[in-house]
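In this note's numbering, the protein residues as written are 5 to 185. Everything below concerns the one structure shown next.
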Amino acid sequence: MSTNNQPVQESLFDLGPGEEVGYRVPIACQVAGITYRQLDYWARTKLVVPSIRGARGSGSQRLYSFRDILVLKIVKRLLDTGISLQNIRLAVEKLRDRGVNDIAEITLVSDGTTVYECRSNDEVIDLLGGGQGVFGIAVPGIMKELTGTIAAFPSERVEEVTDPTVIGLDELAARRSRKSS
Numbered sequence: 005m006s007t008n009n010q011p012v013q014e015s016l017f018d019l020g021p022g023e024e025v026g027y028r029v030p031i032a033c034q035v036a037g038i039t040y041r042q043l044d045y046w047a048r049t050k051l052v053v054p055s056i057r058g059a060r061g062s063g064s065q066r067l068y069s070f071r072d073i074l075v076l077k078i079v080k081r082l083l084d085t086g087i088s089l090q091n092i093r094l095a096v097e098k099l100r101d102r103g104v105n106d107i108a109e110i111t112l113v114s115d116g117t118t119v120y121e122c123r124s125n126d127e128v129i130d131l132l133g134g135g136q137g138v139f140g141i142a143v144p145g146i147m148k149e150l151t152g153t154i155a156a157f158p159s160e161r162v163e164e165v166t167d168p169t170v171i172g173l174d175e176l177a178a179r180r181s182r183k184s185s
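This is the structure we're talking about:
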């Protein structure tokens, strides 16, 4: 316990079963880097609802969980990339529809226009494009694979051509050029 009678959270995973730590609105705003107006609007419009305790009339205090604040911070980052709040709301709805319960397990990517869900190097989903899969190629992985595979095959040294009239010509053209000179 701390000196002000509030529990001190040493680790997110050290809590016993059924124990949860909640954060009041000022702390949620400060940690997520948002204003009170943003937090209040997002709660009222059900974009990010406090999972521990919602507001119940005048004087009640909302309590946000660590995961709630994580989502608040993600929404703020998406806003910072230029995604409209309307599109962020659509992306969050698509994630919920897809059954994403733990947002900490995925990577979100944005180009400033849309939001993509990345589960691996091979699986990228355009959340605003109706959940359509997009093609992804992890070039470093392919280079590593190719380097290992190609080493087993024979290769040839390329001879340097010093005759300026032959540079850039194929073999047949080079022979013709030598014959005519």
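Using N, Cα and C, we set each Cβ at its ideal position, and we do this for glycine too.
Taking a C-beta distance under 9 Å as the contact criterion, V75 and V96 qualify as a contact pair. About 10 Å separates the beta carbons of I78 and S114, which is beyond the 8 Å limit, so they are not a contact pair. Non-local beta-carbon contacts of R66 in its own chain, meaning distances under 7 Å to residues more than five positions away in sequence, involve V29, A47, P54, R57, G58, A59 in chain order. Around the Cβ of V162, a 10 Å sphere holds fewer than 16 other Cβ atoms; the residue is exposed. DSSP places D84 in the helix class (H, G or I) of the three-state scheme. Cβ contact annotation for S69 (same chain, cutoff 8 Å, sequence separation greater than five): E24, V25, G26, Y27, P54, S55, I56, in chain order. Around the beta carbon of A36, 16 or more other beta carbons sit within 10 angstroms, so the residue counts as buried. The C-alpha of D126 lies about 11 Å from the C-alpha of G145.
In this structure, the straight-line span from the alpha carbon of L43 to that of T118 is close to 23 Å.
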